[in-house]
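413 is the number of the first residue of the sequence shown in our numbering; add one for each residue after it. Backbone N, C-alpha and C define an ideal beta-carbon position, used for all residues, glycine too. Quick notes on the structure that follows.
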Amino acid sequence: MNKILTTGFAVFWLCLAAQAREKVIIDTDPAIGYPFRDVDDGLAIALALNSPELEILGVTTIYGNHSQKKTYAKAWELMAESESACGRTARVYRGASKPGQSRETKASRFIRDAVLSYPGEITLIAIGPLTNLAAAIKSDPAVGSSIKRVVSMGGALNARLLGLPPGAFDLNWGADQAATQLVIDSVPEFVMISTDLCMQTVFTKARYQKLASEAPFLREYLAGNIKSWLNFNRLFFHGPEGSGFYPWDTLAVEYVLAPEIFQANLLQVQTRPRPGKAIYIDVGKGTTINAPLQMDTEKFWKIFFARI
C-alpha cells in the first residue's frame, strides 16, 4: 500500500512539473563552427536544451548569421549532438531565406499552428531576424494576439554611449526592419534583449577554460566550436571583464529561465529603417515593451555554467 502511495505521489509531482514547464519556440540562425561566424545561437540552443524548465516545441531556422541552408543544417547538427549526449532534442523547421519573405514556410506554418493550438501559452525566443514570426502573423493576425510573449535579442537603445552610430548595423532587427515593427506592434508582451544589455558581460578566456574543463553538457562540441571565435574576438573586443566575445543570444534564453535577474524597464519604442541592415529606435513613442538595461551578471553566469 505504501509503495502504491509513494508511486502515486511521484507520478503526481512529475505531472505537476511537466505542467509547469514553459512552452517555447526558438527562432534562430545558428552558425556555431562556421569560420568567422558568431557562436551565440549555438550556446543559446544548448542552454535551452539542457533546461528542464523549458518545453521546446520546436526550433525554427532563419537566414542571418549565415544562409538559410547553413543555419538549418547547423540546427540539426546541434540536435544530433544533444540527442547523442543526453537524449534531448527538438524538431527543426526551415524558414525564410531572405528579408521580407511573406510566403508560407514550414517554420511560419509551424509557428502559426502551434501558437493557435496553445493560445496564451507559448513564448517565442527570437534570436535571429523576425521574418518567420512576421510571416506567421501575416498568414493569420490571431497569431500575434495569441502568443504569450516574444523575447527578442536585437536593437540598441543608447548607441552613442556604446560607441555605435545612431541607427547602427543590426543582424537581427535590422535585417528585416518591417518584420521587427510588425511583431512589436502585434504581440501582447515584447521583451527586448538589447545590445546595451548584452555588452555588460563578456565570454572571456577564463570562462572558456571553465566551459572546456567543467561543462556538464556538450563540453567537447561547444569548446571545439567556439575556440577560434573567442581567439578572433579577443583581438578586437574588450568589455568590462576583459577581452572576448559578447554572449548576445544566450541572454534571451536566460531571461525566460530567470526573469528576476533582469531589471524591468518599460518604455515606448518605434523603429525607423536605415539603409542596409541598420535600424533606428525612437524611444518615448510607439508600442510599450520591456527593455531591461541591467542584469545580475554573477547570477547569469551561475545559471549558464550549471546548464552548459
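Closest in alpha carbon position to residue 475, among 569, 506 and 549, is 506. Taking the Cα positions, residue 560 is about 41 angstroms away from residue 647.
The region 507-524 and the region 582-596 touch, with three or more beta-carbon pairs separated by less than 8 angstroms.
Within the region 469-523, the complete beta strand (DSSP E) segments of 3 residues or longer fall at 504-506, listed in chain order. Where residue 678 is concerned, the enclosing beta strand (DSSP E) starts and stops at 678-686.
Taking a 10 Å sphere around the C-beta of residue 636, we find fewer than 16 other C-beta atoms and assign the residue as exposed. If the five residues before and after residue 667 are omitted, its C-beta is found closer than 8 angstroms to the C-beta atoms of 563, 603, 605, 674 and 704, all from its own chain and listed in chain order. Rounded to the nearest angstrom, the Cβ distance from residue 462 to residue 500 is 7 angstroms, consistent with a contact under 8 angstroms. In the DSSP secondary-structure assignment, residue 538 is bridged to 439 and 564.
Under the DSSP definition of a beta bridge, residue 649 lacks any partner. Bounds of the alpha helix (DSSP H) holding residue 557 are 554-558. For the 7 angstroms CB-CB criterion, residue 466 and residue 434 form a contact.
For residue 640, the secondary structure class from DSSP, reduced to helix, strand or coil, is helix.
In the three-state reduction of the DSSP assignment, residue 701 falls in the strand class, which pools E and B.
In this structure, DSSP gives residue 663 a helical state, which the three-state scheme calls helix.
Within 10 angstroms of the beta-carbon of residue 570 lie fewer than 16 other beta-carbons, which makes it exposed. Two segments are said to touch when three or more pairs of C-beta atoms, one from each, lie closer than 8 angstroms; by this definition the region 685-694 does not touch the region 622-635. Taking 8 angstroms as the upper bound for CB-CB distance, residue 554 and residue 545 are not in contact here, some 13 angstroms apart.
Bounds of the beta strand (DSSP E) holding residue 691 are 690-695.
Per DSSP, reduced to three states, the secondary structure at residue 451 is coil, with no helix or strand assignment. If you look at residue 712, you'll find it in the alpha helix (DSSP H) that goes 709-719.
With 16 or more other CB atoms across the displayed protein chains lying within 10 angstroms of its CB, residue 543 is buried. Burial state of residue 600 is exposed, judged by a 10 Å Cβ sphere holding fewer than 16 other Cβ atoms.
Taking a contact as a CB-CB distance under 8 angstroms, the pair residue 439 and residue 565 does not count as one, their CB atoms being some 11 angstroms apart.
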